[in-house]
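Here the sequence shown is numbered in the working numbering, starting from 1059 and rising by one per residue.
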Amino acid sequence: MKKAVVCLLFIAMSVSLVFGAGTKEQAGSTGDGTTTIRWAYWGSGERVTISQQAIELYQSRHPNVKINPEVSGGAGDHFVKVD
1059 MKKAVVCLLF IAMSVSLVFG AGTKEQAGST GDGTTTIRWA YWGSGERVTI
1109 SQQAIELYQS RHPNVKINPE VSGGAGDHFV KVD
């Protein structure tokens, strides 16, 4: 009985992996050939400046990619928001 249950669970998981992985539309595509990426990171001051420069450099080399940065402050800000 245990073997039958394990076998059925294995088959159900395999089927869900096969059919759940496929998709017909591209993720992140806006339809006009532009891909938008949402990039969330923490940091402040110099890190934000360097990250913005990196984003601008990447976008200049890849004109079909738009990066939307979301900065959530420095490491110390986490404890202020939690308390």
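Using N, Cα and C, we set each Cβ at its ideal position, and we do this for glycine too.
Pairwise C-beta distances place the region 1064-1072 out of contact with the region 1092-1099, as fewer than three of them are shorter than 8 Å. When DSSP reads this structure, Lys-1060 sits in no beta bridge, so it has no partner. Val-1106 and Gly-1091 have their alpha carbons spaced roughly 28 Å apart.
Ile-1113 and Glu-1104 have their C-alpha atoms some 14 Å from each other. DSSP places Thr-1107 in the helix class (H, G or I) of the three-state scheme.
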